[in-house]
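J.:
Protein chains: 2
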Amino acid sequence: MLTIGQLATASGVPTSTIRFWERRDLLVPAARSGGQRRYTEDALAQVGLLRLCQDAGFTLTEIRQVLAQRAADPTRWRELVEAKMVDVATSLRKLRKAYDLLSHALECTHDDIVKCPRFQAAVENRATATGRTALAG
Amino acid sequence: MLTIGQLATASGVPTSTIRFWERRDLLVPAARSGGQRRYTEDALAQVGLLRLCQDAGFTLTEIRQVLAQRAADPTRWRELVEAKMVDVATSLRKLRKAYDLLSHALECTHDDIVKCPRFQAAVENRATATGRTALAG
DNA sequence: CTGGCGCTTGAACCTTGGTTCAAGTCAAGT
DNA sequence: ACTTGACTTGAACCAAGGTTCAAGCGCCAG
Chain A
1 MLTIGQLATA SGVPTSTIRF WERRDLLVPA ARSGGQRRYT EDALAQVGLL
51 RLCQDAGFTL TEIRQVLAQR AADPTRWREL VEAKMVDVAT SLRKLRKAYD
101 LLSHALECTH DDIVKCPRFQ AAVENRATAT GRTALAG
Chain B
1 MLTIGQLATA SGVPTSTIRF WERRDLLVPA ARSGGQRRYT EDALAQVGLL
51 RLCQDAGFTL TEIRQVLAQR AADPTRWREL VEAKMVDVAT SLRKLRKAYD
101 LLSHALECTH DDIVKCPRFQ AAVENRATAT GRTALAG
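In the order they appear, the protein sequences are chains A and B. Under my numbering, think of the first position of the first sequence as 1, with each following residue one higher. Under my numbering, think of the first position of the second sequence as 1, with each following residue one higher.
Below, the structure is given as structure tokens:
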């Protein structure tokens with residue numbers, strides 16, 4: 001059995017965070033020995049799962065839902081995962097654009113980047129995608 | 001000349017955010033007419049630049065630095081941009097992994113994902129990459 | 001018995017990026 | 001003159017995801 005400190009070291013997640021997650025119902029309350037938490041190796045996988053879910057862009061609230069419905073309601077679970085895949089794909093596209101724009105910023109010969117047509121196109125693109133209504137001309 | 005409301009509509013950035021950015025020295029204080037801010041079309045590009053920098057993952061603090069050194073110190077400016085490109089590339093790799101893992105989660109035949117070798121490999125990978133020291137066996 | 005380490009708790013605090021609110025000002029229209 | 005609508009300010013508030021702190025407990029070594 002691991003203490004919380006050992007679990008923290010093994011998983012790379014601070015003790016403060018592990019307790020925080022338990023308070024937030026993301027981890028089942030650990031067994032106690034003399035008031036102290038004791039973990040099995042399984043907990044390592046649980047903690048790892050939480051970090052991976054975070055990497056995938058789930059908020060803690062979403063993760064709680066996913067976990068709750070993991071075994072209980074496979075249909076709903078798949079929906080949540082599929083929805084998140086769409087989010088991730090969107091983020092990927094945005095990040096790729098950002099990367100291209102950064103790399104262009106290094107190449108760009110315009111002395112002021114706000115005059116660069118490529119930059120202006122990107123702004124324009126973003127603005128139209130984000131609730132702009134008036135002044136469209 | 002645009003009022004702040006018109007600029008907000010044109011750029012897709014709320015008035016509250018525009019004022020916030022000005023307070024944070026990310027926008028030069030607008031000219032005033034009877035106490036009210038008045039903007040030229042240039043401001044539209046400035047606001048757009050801010051949003052694009054955010055998309056690229058710069059924090060507001062970083063953006064302030066980048067802007068401050070844009071004309072003043074081209075060398076330093078390139079460094080900041082190059083450093084951010086590295087960050088973005090890292091984020092891209094992580095997101096791709098997350099995406100693959102999500103898609104695998106939908107396919108996976110293991111009834112509990114924490115038993116799936118692919119999941120365990122991902123956890124292991126993440127843990128070793130994140131300051132793990134003890135219990136490496 | 002005393003240190004000291006690692007654990008416990010709840011509460012307070014932190015950072016980032018804003019949003020909302022109260023109270024007031026300004027310009028235009030009728 | 002009065003109303004209306006958009007604007008002004010500083011201050012308070014929000015959400016997420018933690019971190020830090022004070023005060024105290026359990027247990028082992030010396």
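For every residue, glycine included, the Cβ atom is placed at its ideal position computed from N, Cα and C.
Along chain A, in chain order, which residues have C-beta atoms closer than 8 Å to that of B:Ser16?
T.: Looking up residue 16 of chain B in the second sequence gives position 16. In chain order: nothing, as chain A lies at least about 15 Å away.
J.: Please name the residue in B:Val13, B:Glu22, B:Leu49 and B:Thr3 whose C-alpha comes closest to that of B:Gly34.
T.: In the second sequence, the residue the question calls residue 34 of chain B occupies position 34. For B:Gly34, the nearest C-alpha among the options comes from B:Thr3.
J.: Can you pull the chain A neighbours of B:Tyr39, defined as C-beta to C-beta under 9 Å?
T.: Against the second sequence, residue 39 of chain B aligns to sequence position 39. Taking the beta carbon of B:Tyr39 as reference, no residue of chain A falls within 9 Å; the closest one sits roughly 12 Å away.
J.: If you reduce the DSSP assignment to three classes, tell me which class A:Ala31 lands in.
T.: Indexing the first sequence from 1 puts residue 31 of chain A at position 31. Strand, per DSSP.
J.: Can you name the residues that DSSP bridges to A:Leu2?
T.: Residue 2 of chain A sits at position 2 when you count from the first residue of the first sequence. Note: A:Leu2 sits in a beta bridge opposite A:Tyr39.
J.: Can you tell me the Cβ-Cβ gap for A:Arg51 and B:Arg96, rounded? I've got them flagged as a contact below 8 Å.
T.: By 1-based counting over the first sequence, the position of residue 51 of chain A is 51. By 1-based counting over the second sequence, the position of residue 96 of chain B is 96. Their Cβ separation, rounded to whole angstroms, is 17 Å, which puts A:Arg51 and B:Arg96 out of contact at 8 Å.
J.: So, under 8 Å CB-CB, A:Tyr99 and B:Ala89 are touching, yes? Tell me the CB distance rounded to an integer number of Å.
T.: By one-based count along the first sequence, residue 99 of chain A stands at place 99. By one-based count along the second sequence, residue 89 of chain B stands at place 89. Confirmed, Cβ separation roughly 7 Å.
J.: Compute the distance between the beta-carbons of B:Ala122 and A:Val123, then report whether it is under 8 Å.
T.: As a working mapping, residue 122 of chain B is identified with position 122 in the second sequence. As a working mapping, residue 123 of chain A is identified with position 123 in the first sequence. Contact flag unset, no.
J.: A:Ser103 and B:Met85: beta carbons closer than 8 Å?
T.: By one-based count along the first sequence, residue 103 of chain A stands at place 103. By one-based count along the second sequence, residue 85 of chain B stands at place 85. Contact flag set, yes.
J.: Throw me the rounded Cβ distance for the B:Leu26 and B:Leu67 pair, which I believe falls under 8 Å.
T.: For the purposes of this step, residue 26 of chain B is taken as the residue at position 26 of the second sequence. For the purposes of this step, residue 67 of chain B is taken as the residue at position 67 of the second sequence. That belief holds up - the Cβ atoms of B:Leu26 and B:Leu67 are roughly 7 Å apart, short of 8 Å.
J.: Nearest chain A C-beta to B:Met1 closer than 8 Å, yes or no?
T.: Here residue 1 of chain B refers to the residue found at position 1 of the second sequence. No, B:Met1 lies away from the interface with chain A (no Cβ there is under 8 Å from its Cβ).
J.: Short of 9 Å Cβ to Cβ, which residues in the segment 102-131 of chain A face chain B?
T.: Leu102, Ser103, Ala105, Leu106, Asp111, Asp112, Ile113, Val114, Lys115, Phe119, Gln120, Ala122, Val123, Glu124, Arg126, Ala127, Thr128, Ala129, Thr130 and Gly131
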